[in-house]
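Data first, discussion second: the structure below is written as C-alpha cells.
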Amino acid sequence: MINKIARSVAEALDGVQDGSTVLIGGFGTAGIPNELIDGLMAQGAKDLTVVNNNAGNGDTGLAALLKTGRVRKIICSFPRQADSHVFDALYRSGKLELELVPQGNLAERIRAAGAGIGAFFSPTGYGTEMARGKETREINGKGYVLEMPIHGDVALIKAERGDRWGNLMYRKAARNFGPVMATAAKLTVATVHEIAELGDMDPEHIVTPGIFVHRMVKIDRVATQAGGFKQAA
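If you count the sequence shown from 1, position 35 lands on 151 in my numbering, and the numbers rise without skipping.
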C-alpha cells in the first residue's frame, strides 16, 4: 500500500545529506515550509546550497537556517529587503556565497530540471553583468543567454491538502515555486494542513501529482506573519 505520510517532520527529513542542494518553496512570507526548515536545522545537515526566491526574513525560517552557518551558498532572485539582516551580515563577511538569478530565469531553470531540459536560451540579462561567463547567442536578431537547469537533492514545499499517495493542492499565492520544485528534486517533502481520503480530491484540482512527492507530513494551521516592517508604536 502506498502511504507517503510521515509521522513527524524528523521522519520526513530522514536521510538528508551534507552538501545537498535544497530547493525551498516560498515567495516573501507566502508558502514558506517553516516547519520543514526548522526540522532541517534540527536534523543537522551542513554545507548546503539553498535555492529560494528570497534570502530570509527577520530571524525565523530561512533566515534562522542561514544563521546556523550550515548554508554554504544561496541561489535566489531577491536577497535583500527591509529585514534581511542575517543574509546581509553573512554575505558581507564572506561567509555565504550568493548566485543572483532573475526571478523568471530562476523559475524556468528549476522547471527545466524537472522537465529534463539540458539548458535553454533566455533574453533576460543579455548585455549585463548577469551574462558574464555564460554562452550568448543571437536568435532572430535578439540576444540570448544560455541558462542551465537547477537540480535539487531535496525540495521542501508547503501545500494545503494532500492524500496518502502524495497528490497535492495549494492555497492561492502559497503555491508559488512549489509545483516546479517538486519536479526538480530527487526527494520532495511537503507539508499539508489537511489529509484527504483517496478519491476525495478532484483530479482537475490536483496541481502536483503524487509521482513527484516522496514524503508528506501534516502540520497545524498557523497564520502567516507579515515581514519587512515593524509595526509602528
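Idealized CB from N, CA, C, for every residue including glycine.
Query                                                                                                                                                                        : Result
Where residue 189 and residue 243 are concerned, what is the direct C-alpha to C-alpha distance, given to the nearest angstrom?                                              : 25 angstroms
Leaving out the 5 sequence neighbours to the left and right, which residues in its chain are closer than 7 angstroms to residue 214 when beta-carbon positions are compared? : 190, 195 and 207
What residues match up with residue 278 in a beta bridge as DSSP calls it?                                                                                                   : 284 and 311
Under 6 angstroms Cβ to Cβ from residue 150, same chain only, skipping five residues before and after it: list those, please.                                                : 177
How far does the beta strand (DSSP E) with residue 203 in it extend, from its first residue to its last?                                                                     : Taken as a continuous stretch (DSSP letters only), residue 203 belongs to no beta strand (DSSP E), being part of the alpha helix (DSSP H) at 201-208.
Near residue 221, which residues of its chain fall below 6 angstroms by C-beta distance, leaving aside the five closest residues on each side in sequence?                   : 238, 240 and 263
Pick out the complete beta strand (DSSP E) segments inside the stretch 182-266, 3 residues or longer, and give them in chain order.                                          : 187-192, 213-216, 236-238, 252-255 and 258-263
Helix, strand or coil for residue 323 per DSSP?                                                                                                                              : coil
Beta-carbon within less than 6 angstroms of residue 212's beta-carbon, same chain only, minus the 5 sequence neighbours each way: which residues are those?                  : 206
Where are the beta strand (DSSP E) runs, 3 residues long or more, that stay fully inside the stretch 140-187, in chain order?                                                : 164-167
Mapping DSSP to helix, strand and coil, what is residue 135?                                                                                                                 : coil
Between 290, 305, 289 and 224, which has its C-alpha nearest residue 283's C-alpha?                                                                                          : 305
Quick check: the stretch 289-300 against the stretch 268-277, are at least 3 beta-carbon pairs closer than 8 angstroms?                                                      : yes
Assign residue 170 to buried or exposed, taking buried as 16 or more other Cβ atoms, counted over all protein chains shown, within 10 Å of its Cβ.                           : buried
Who are the Cβ neighbours of residue 162 in its own chain at under 7 angstroms, not counting the five residues just before and after it?                                     : 134 and 186
Express the C-alpha separation of residue 192 and residue 249 in angstroms, rounding to a whole number.                                                                      : 18 angstroms
Based on Cα-Cα distance, which residue from 201, 159 and 303 lies nearest to residue 139?                                                                                    : 303
Under three-state DSSP, which class holds residue 119?                                                                                                                       : coil
Alpha carbons only, please: which of 286, 180 and 328 is nearest the one belonging to residue 155?                                                                           : 180
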